[in-house]
Structures are given as structure tokens and as C-alpha cells.
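Here the sequence shown stands for residues 2 to 440, where the numbers follow my numbering. We put the beta carbon where it would ideally sit given N, CA and C, even for glycine. In what follows, a structure is listed as C-alpha cells, so that the remarks can point back to it.
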Amino acid sequence: MKKSVFLLVLLPVLMFSQHSIEGIFTPAEKFSFAMLYKSSPTSTEYVNRGVVQSDGSFKIQMDANAPAGIYKIVYALPQEENNFDLIYSGKEDVKLTFSLEEGLVFTASNENELWASYTKSMELINAAISNFYAKESTDEKAFEDIFNTLSDTQKGYDEASKGTMANVFIKANEPYIPTQFEDISTYSKNLKNTYLQRVDFNNELLQSSNFLTDRILAYVFGMSSSTEDTTFNQHVDDIAKAISTTKIGVKSILLEMLWWRFVELEKSNVANYITNTYLLEIAKQSNNNDLLETIVTYRDNSLGEVAIDFPIKISKNGKITETSLHKLDSADHYLIIFWSSTCFHCLDELPKVKAFIEAHPKNLKVIAIGLEDDDSTWKNTITNYPEFIHVLGLAKWDNTIANEYGIKATPSYFVLDKDKKIIAKPADVETLEVELSKL
Numbered sequence: 002m003k004k005s006v007f008l009l010v011l012l013p014v015l016m017f018s019q020h021s022i023e024g025i026f027t028p029a030e031k032f033s034f035a036m037l038y039k040s041s042p043t044s045t046e047y048v049n050r051g052v053v054q055s056d057g058s059f060k061i062q063m064d065a066n067a068p069a070g071i072y073k074i075v076y077a078l079p080q081e082e083n084n085f086d087l088i089y090s091g092k093e094d095v096k097l098t099f100s101l102e103e104g105l106v107f108t109a110s111n112e113n114e115l116w117a118s119y120t121k122s123m124e125l126i127n128a129a130i131s132n133f134y135a136k137e138s139t140d141e142k143a144f145e146d147i148f149n150t151l152s153d154t155q156k157g158y159d160e161a162s163k164g165t166m167a168n169v170f171i172k173a174n175e176p177y178i179p180t181q182f183e184d185i186s187t188y189s190k191n192l193k194n195t196y197l198q199r200v201d202f203n204n205e206l207l208q209s210s211n212f213l214t215d216r217i218l219a220y221v222f223g224m225s226s227s228t229e230d231t232t233f234n235q236h237v238d239d240i241a242k243a244i245s246t247t248k249i250g251v252k253s254i255l256l257e258m259l260w261w262r263f264v265e266l267e268k269s270n271v272a273n274y275i276t277n278t279y280l281l282e283i284a285k286q287s288n289n290n291d292l293l294e295t296i297v298t299y300r301d302n303s304l305g306e307v308a309i310d311f312p313i314k315i316s317k318n319g320k321i322t323e324t325s326l327h328k329l330d331s332a333d334h335y336l337i338i339f340w341s342s343t344c345f346h347c348l349d350e351l352p353k354v355k356a357f358i359e360a361h362p363k364n365l366k367v368i369a370i371g372l373e374d375d376d377s378t379w380k381n382t383i384t385n386y387p388e389f390i391h392v393l394g395l396a397k398w399d400n401t402i403a404n405e406y407g408i409k410a411t412p413s414y415f416v417l418d419k420d421k422k423i424i425a426k427p428a429d430v431e432t433l434e435v436e437l438s439k440l
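See the structure below:
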């Protein structure tokens, strides 16, 4: 009997210790699920999911033992682009609205509302600072008022958030506040010099969120109007120094994030600087073979690099001559085409390449590498291109040459000079024609 009474007393306590994450998505018809993940410094772990109802609402019941920390809600695919972070304290429900037009708004949760309110206030003050300098104002009283407001806001939110996880973010975001009037040049210099100083890159809460990546990107791309490689390299060095004491897994994630951003911007010199100066050694130390293969393949196939050598067999008058790409010396330029006889786009573009070359004669030799499962259709197709040097790449996507060149799709083009240096990597046949016209 005593045992039964104990359970009856305990049950309500357990029930009331559970919390939920719920929200409303708009427009409702654009959403079907809300998937919840627990974020850690180096990974995300699936927790639960909520089905989006016809009115856009969803609810995810949290386990009573769910740890406090940073959680991520994924609302569409691809996951990397369609998600947002939230703070879960384990002490309160989290309620929110998310609109594709208006963005994210928290309607219940002291932690999240504090951080959201703080960031909004800071955005307004930063807009006032930008407006002050845009007008080239020298009004010291106005300057003092703006930065007094900035100081009071920071102190106010710091005090209001004590004891919360939001306080970690508010402290990390503490802005530079001048003690006297500064012109735009001095202010910008001091802002840059202090921008990373207040961030604890070893804090696991910050590491688990988007805060560090946002901070790093803002520093690298927002602290100078220069787009020169040397400027970006210096900014990368500053970041590497700031994160030098973090664990290797976190360091790898942050630098790889920067590497990918420069790859997307087609700034190969900077991406390769990150590889050679930092990522290569990190990948080796952490035995991250996937990362090692990715960065090395990209580096070795960048513009200005000598194309990777591979064997070639040339058949002429019934005689086969064995040679290689680097040994060829019959042209001023070379065009490598990765294609497949079962690829619709290849069969559409190869005749266009052939026609363009015939209409615009150049001292150019085409090397066509057919990525094939077998040679049955390849043999018949290459008869249409007798002037090309043909290489059969069996095993298709697992072919050694294709892997060394980082081929992910066909057709892929590489334009080389006479020394086999890569001078262009056109994305399509139209861009290829433009590049060939320059030769």
C-alpha cells in the first residue's frame, strides 16, 4: 500500500517536470514536419519529430531527462539550409512562430526571448552607429549618446540574463565601446581588433550553436572592404589564432566551414591557403580521411595547377602507342572532357564541342575520358569523334582518373595550356566556348 501511495505522489511531479517545444509554421502548406536535433560541438543527434498540422502547428514533447543546451529544428530539406537553433533549459516550454517571410519569433521561453530581444536591440543601435558615420558627423554629443545607449543596453541585458544560458551569448557578443570620440577609421580599426577577444571559443554552448560560425564569417568578410586574397588570408590567420586552443574536432569544423565558403566563392587561392596552412595537418592528426581527400583533390585540380598525369594509349594505323598526358607535346592547348556514352547531357554537348572546334580552328587537342561500366556503347560512340584522343575509364564513378580529378558529374571540362597547367574549368558547353575563344 505504501508503495502505491509513493507512485501516486511521484507521478504528478514527473508529469509537471516535462516540457515541450511547439510552434506555428506559415504558410502551413509549405511545411510537413519539424525534426528536433540536440546539438553538440562536433555533431547533432536526432531527438524527435513533430508533424505539422493543417493550421501549421506542431508540438514536440520533451523527455523529462532531456539535457539542457542548444537544439536545432529542421523544417525542410536540405537540412543544412533549412534549420534554426533554440535554447532549451529543461525548465520551461519553448513556443515559437516561424514564417518564410518574417523569420523566427519566440512567443514563450525566457531564454530565447532574452537572446532575441537583445539581438534586436543591438541591431537597432548598430544601425544608428552606421547612420552616424555615414553622415560623416562630428557631433561628439550625439556620438556619446549612441554609445552610452549601447553600453546601457549591454549592461541591462547582461544583468537581466544572469543565471541563464542566454547570458553566455550576451557576454560573448559584448561590443566595442569607445571612451571618447573616434572617427570612422579609428573606430573600424578598434572594432576589428577587439571583435574576437570577448568570444570564448572553448565554450561548449557557443560551439554547439551557430554563434561561432556567424562570428567568424562576420569577421572574415565584414571587417574589410578588400576582396584581395592577401586580406582574406590574414583574416584566416586571425581566426586560426583565436581558435588555437580549441579541441581539434571543433577547430576542424570551423576551418572547414571557412574553406567551403571560399570554394563556393571560387576563391581557390584562399581555399588552398587554408588547406596548406591549417586543414591538411588537422585532417592528418585527426585521421579524417574524407576531409583529407576532399581538400587535396580540390587543391590539386585548382586553376594554375599542373593537371594530374594519367596513362594514354593512342591507336594509329593499327599500332598502339603508350604515353601519358604529361608526355603529349602535339598542341598549344589541351581540353580534357570527362563524359559517358550513357549520359544524355554528354551526348548533347560533345557534338557541340566538336562543331565549335571545327568552326574555330585552334592548335588544340581533345582528350575524352569515357567513364563507363563497360565498353559496349562507348566503342560505337567514339567513332563519331576520330580526331579526339580517347581514354576508356572503366568502373565509372570509381575510376581512378575520375577520382583524382574530383569528378562528380558528366560532362566535366578542363582546359590546359601546353605545359598542362589548368587554365579554365568551364561549367557547361557555353562557358567552354567562351574560354576556347580566348585561346
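- A396 and T384 have their C-alpha atoms spaced approximately 21 Å apart.
- In the DSSP secondary-structure assignment, R50 is bridged to M36.
- By the neighbour-count criterion, in which a residue is buried when 16 or more other Cβ atoms sit within 10 angstroms of its Cβ, T43 is exposed.
- For E373, the pairing in a beta bridge is given by DSSP as L395.
- A residue is called buried once 16 or more other Cβ atoms fall within 10 Å of its Cβ, and F345, having fewer, is exposed.
- For Y414, the three-state secondary structure derived from DSSP is strand.
- If you draw a 10 Å sphere on the C-beta of R199, you find fewer than 16 other C-beta atoms in it, and that means exposed.
- Taking C-beta atoms as the reference points, I313 and I390 count as a pair closer than 8 Å.
- If only complete runs of 3 or more residues are kept, the region 66–94 shows the beta strand (DSSP E) at 70–75 and 84–89, in order along the chain.
- Per DSSP, Y386 lies in no beta strand (DSSP E) and is assigned neither H nor E.
- Sequence-distant partners of Q155 (beyond 5 residues in either direction) whose C-beta falls short of 7 Å from its own C-beta, in its chain, are E175 and P176.
- For G24, the closest of L433, S303, M36 and K60 by C-alpha to C-alpha distance is K60.
- Note that the region 269–277 touches the region 294–310; at least 3 beta-carbon pairs, one per stretch, sit closer than 8 Å.
- With a minimum length of 3 residues, the unbroken runs of beta strand (DSSP E) contained wholly in the region 324–357 fall at 334–340.
- For I402, the uninterrupted alpha helix (DSSP H) segment begins and ends at T401 to E405.
- By the neighbour-count definition (other C-beta atoms within 10 Å, threshold 16), A219 is an exposed residue.
- Here DSSP, grouped into helix, strand and coil, assigns F144 to helix.
- Using a Cβ-Cβ distance cut-off of 8 Å, the region 33–43 and the region 66–76 are in contact, since at least three pairs of beta carbons, one from each stretch, lie closer than that value.
- Taking C-beta separations shorter than 6 Å and ignoring five residues to either side along the sequence, the partners of V416 in its chain run L336, I424, A425 and E436, following chain order.
- Distance from the CA of P28 to the CA of I74, rounded to the nearest whole angstrom, comes to 17 Å.
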